[in-house]
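So the first sequence is numbered by our numbering: it starts at 12 and just counts up by one.
Positions of the beta carbon are idealized from the N, C-alpha and C atoms, including for glycine.
To start, the structure under review is shown below, and the notes come after it.
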Amino acid sequence: MDYRGLAKLRSTYTDKLPEQINARTGRVHTSYHQAVAATGRLSSTDPNLQNIPIRTAEGRRIRQAFVAPAGHVLIAADYSQIELRIMAHLSGDAGLLDAFAHDRDIHQATAAEVFGAASPDQVTADQRRAAKAINFGLIYGMSAFGLARQLGIERGAAQKYVDLYFQRYPGVKRYMDETRAMAREQGFIETVFGRRLYLPEISSRNAQMRQYAERSAINAPMQGTAADIIKRAMIEVHRWLHGQPHARLMMQVHDELVLEVAEDRVDAVLQELRAHMVAAAELRVPLKVEVGVGRNWDEAH
DNA sequence: CGACTCACG
DNA sequence: ACGTACGTGAGTCGT
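This is the structure:
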């Protein structure tokens, strides 16, 4: 497994990215595609700069190769928990809205509810990890089977977690059921901003195909609304930076924008960038943006 | 060209 | 009974 991990990094990134350097500009230039992903996300090809490694120390060394020119730094700005915030908005669940209104650690708060901790600071690391898997699973339209596999526990135990979650966050349960029903009646789902995904298989007599469409119906409003929001932010950031030479929008990675900025303008750009991203949508919960600065892309996180 | 694997959000 | 968490792109291998 160690060999495979390193072989992947070398064949996909270390060997290939240098071949993609443009002789005229000395940079790698990706292509972004606006009409590939069904949810409204962008995709990135030749090279794909939306899957540069970050999860291992060796992988991060590849990310460190993405650097700002002399006199400049990179700024990375990430939306924090944007899909769960959108789930709170769409479901209107009181507990979830309250958690984000107070900017709580959402996985810790979920763990406290599901596992009945006396207070959030009594939550163990293992309970938080399980709650995080539950939260991801909700966004993906999980089954107890899938959660069980992810956590390495028995299906019955996973089903108990799911039941407890829906007991504590009944608005989420109601939203999931209503979304499936609406998708079946209408044949499509919509994001907060009206982007549609048509799901003809939602009425299929083939159970496998129908269930796949049902998971898409659950996931697409959240993933797609997040895509809408960052696209709105990109338009505002582009308008703001138009004609300004000291800052350039360089990359988008689904919930993250990367800018190249002159060193002496960093403080002002940080504040205004965050403001544009936070203001890109007004939901029933606040949007939160985490910003970082560095000489390279890894440091900027 | 498809299957498999694995990189990211 | 059915299969089993969403969305992508790229390298490798076998055909």
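- Sorting Ala144, Ala286, Thr202, Ile246 by C-alpha distance to the C-alpha of Gly51 places Thr202 at the top.
- Nearest C-alpha to Glu310 among Leu28, Thr56, Arg72, Arg216: Arg72.
- Sequence-distant Cβ neighbours of Leu175 in its own chain, meaning closer than 6 Å and more than five residues away, are Val125.
- If you draw a 10 Å sphere on the C-beta of Ser22, you find fewer than 16 other C-beta atoms in it, and that means exposed.
- The segment 63–82 makes no contact with the segment 277–290, as fewer than three CB pairs between them are under 8 Å.
- Taking 3 residues as the minimum length, the beta strand (DSSP E) runs contained wholly in the segment 32–74 are 42–44, 54–56, in order along the chain.
- In its chain, beyond the 5 residues on either side, Ala87, Gly303 have a beta carbon closer than 6 Å to the beta carbon of His312.
- Counting C-beta atoms within 10 angstroms of its own C-beta, Ala237 has 16 or more neighbours from the protein chains shown and is therefore classed as buried.
- By the neighbour-count definition (other C-beta atoms within 10 Å, threshold 16), Gly152 is a buried residue.
- Val183 is the residue among Val183, Leu53, Leu20, His265 whose C-alpha sits nearest the C-alpha of Ile229.
- Annotation: Gln197 to Arg207 spans about 11 Å, alpha carbon to alpha carbon.
- Apart from the 5 residues on each side of it in sequence, Gln161 sits with its Cβ closer than 6 Å to the Cβ of Ala144 in its chain, given in chain order.
- For Arg21, no beta strand (DSSP E) run applies, since DSSP gives it neither H nor E.
- In this structure, Asp57 places its C-beta atom within 8 Å of the C-beta atom of Thr41.
- Counting the other Cβ atoms within 10 Å of the Cβ of Ala110 gives 16 or more, which makes it buried.
- In terms of CA proximity to Ser91, Val296 leads the group Arg306, Val296, Asn307.
- In terms of Cα proximity to Asp137, the closest of Gln219, Ala129, Asp104, Ala123 is Ala123.
- Around the beta carbon of His253, fewer than 16 other beta carbons lie within 10 angstroms, which makes this residue exposed.
- Distance between Gly235 and Tyr186, taken at the CA atoms: about 16 Å.
- In the three-state scheme derived from DSSP, where H, G and I count as helix and E and B as strand, Gln255 is classed as coil.
- Between the alpha carbons of Trp308 and Leu101 lies a gap of roughly 33 Å.
- Taking every protein chain shown into account, the CB of Met233 has 16 or more other CB atoms within 10 angstroms, so this residue is buried.
- In the structure shown, Asp89 adopts extended strand secondary structure according to DSSP, grouped into three states.
- For the options Arg221, Ile93, Ala159, Gly127, the alpha carbon positioned closest to that of Val289 is the one of Ile93.
- Counting only runs of at least 4 residues, the segment 210–263 fully encloses the following alpha helix (DSSP H) elements, listed from N- to C-terminal order: 218–252.
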